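Numbering (our numbering), first residue to last: 83 to 407. Glycine included, every Cβ here is placed at the ideal spot set by N, Cα and C. On a predicted model such as this, the values are computed, not experimentally measured, just so you know. Reading through the structure tokens given below for one structure.
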Ligand code: MLT
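Here's what the structure looks like:
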């Protein structure tokens with residue numbers, strides 16, 4: 083399309099969430115980028131018809147209603163691994179390409195998992211709060227060592243494998259369940275691959291989840307599964323909210339079946355929006371460590387994902403194919 087002065091009009095890109103400036107600066111050389119944080123779903127639907135590309139992280143829900151309103155949209159770019167906040171079937175039906183960054187933040191997610199694992203083992207958040215409150219509770223805050231303990235990994239994909247290698251470095255035994263993982267890949271990382279979740283659960287002292295959110299993984303860890311774990315085992319979720327059933331986990335913490343939980347992701351974020359929800363009560367539980375979906379939040383990871391998706395958006399807007407989808 084040509085503008086009134088005869089020059090081709092620049093494509094317009096909407097970015098309704100905070101994205102690292104590296105990729106955005108690259109885009110701005112060729113297209114117009116509008117950073118508009120805090121739009122409601124209705125406001126987003128009102129402005130989307132003006133844009134050829136939409137750049138999101140995890141907060142924006144790219145629904146069928148939004149996509150149907152997006153008359154010029156060519157591409158939705160998800161600055162992260164998961165595309166579960168994008169209605170991909172509707173986008174595909176409308177001819178809108180969905181791109182992501184399959185590995186830009188995997189190191190960050192794995193490092194956050196290990197940070198939470200160690201924090202939980204040594205009561206770091208509680209100890210910090212206690213000292214700040216003027217207390218000196220050395221005997222109340224005795225922790226456990228992770229060396230010699232068994233870490234169970236559900237999902238031995240890119241993040242799961244990095245977590246496995248780091249855990250081996252900490253002296254942990256690592257056992258994983260993943261129907262898609264190759265035995266040779268697991269063996270190379272010194273990980274014992276088991277056939278099923280039921281085989282994994284009774285063996286582990288710590289359990290960490292690294293699967294995408296799919297119909298088959300939603301609520302995958304609920305009461306029946308938590309009951310199969312050793313009494314006093316600990317659990318981490320830096321993958322997606324809802325893979326571990328929040329109500330079931332809360333009950334298991336209250337009964338002592340699960341001794342500790344470290345949770346970065348929630349079914350509905352922020353979980354405290356509804357203070358009566360299981361997730362909000364889980365966050366308040368004294369043996370639950372909670373972080374606000376920080377798995378991918380490092381300077382390095384945000385630069386990586388921003389560059390990854392902005393390069394792909396540029397290729398699509400100037401007519402080339404994306405590197406991945
Ligand atoms: C991801 O899917 O990679 C993360 O959820 C990204 C993010 O934190 O926005």
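Residue i - partner residues in DSSP beta bridges
i	result
residue 114	94
residue 316	288 and 342
residue 181	159
residue 392	According to DSSP, which records beta bridges pairwise, residue 392 is partnered with nothing at all.
residue 187	None, per the DSSP bridge assignment.
residue 276	259
residue 234	257 and 289
residue 372	345
residue 135	95 and 157
residue 228	None, per the DSSP bridge assignment.
residue 168	144
residue 326	303
Proximity to residue i [Cα-Cα], best of the options
i	options	result
residue 369	130, 136, 327 and 314	314
residue 344	226, 202 and 397	202
residue 350	325, 342 and 367	325
residue 198	132, 120 and 248	248
residue 306	292, 319, 294 and 327	327
residue 293	245, 179, 138 and 161	245
residue 207	342, 149 and 255	342
residue 299	323, 316 and 375	323
residue 400	105, 112, 102 and 104	112
residue 176	166, 160, 200 and 145	145
residue 210	356, 353, 371 and 354	371
residue 408	309, 363, 355 and 258	Look at the range of the chain in this structure, 83 to 407, and you will see that residue 408 is not part of it.
residue 236	159, 281 and 357	281
residue 158	150, 181 and 143	181
residue 390	275, 215, 160 and 258	160
residue 434	120, 114 and 119	Lying outside 83 to 407, the shown extent of the chain, residue 434 is not represented and no answer is given.
residue 310	319, 321, 329 and 334	334
residue 367	167, 376 and 329	329
residue 238	265, 217 and 387	265
residue 155	218, 136 and 200	136
Residue burial classification, residue i (beta-carbon count within 10 angstroms, cutoff 16)
i	result
residue 220	exposed
residue 262	exposed
residue 109	buried
residue 153	exposed
residue 303	buried
residue 139	buried
residue 394	buried
residue 228	buried
residue 271	buried
residue 93	buried
residue 195	buried
residue 290	buried
residue 353	buried
residue 296	exposed
residue 225	exposed
residue 316	buried
residue 241	buried
residue 277	exposed
residue 193	buried
residue 174	exposed
residue 213	exposed
residue 105	buried
residue 377	buried
Kindly confirm or deny that the region 278-296 and the region 225-233 touch, where touching means at least three C-beta pairs closer than 8 angstroms.
-> yes
Evaluate the contact criterion for the region 381-388 versus the region 186-200: three or more CB pairs, one atom per stretch, below 8 angstroms.
-> yes
The region 94-103 in contact with the region 124-132 per 3-pair CB rule at 8 angstroms | yes
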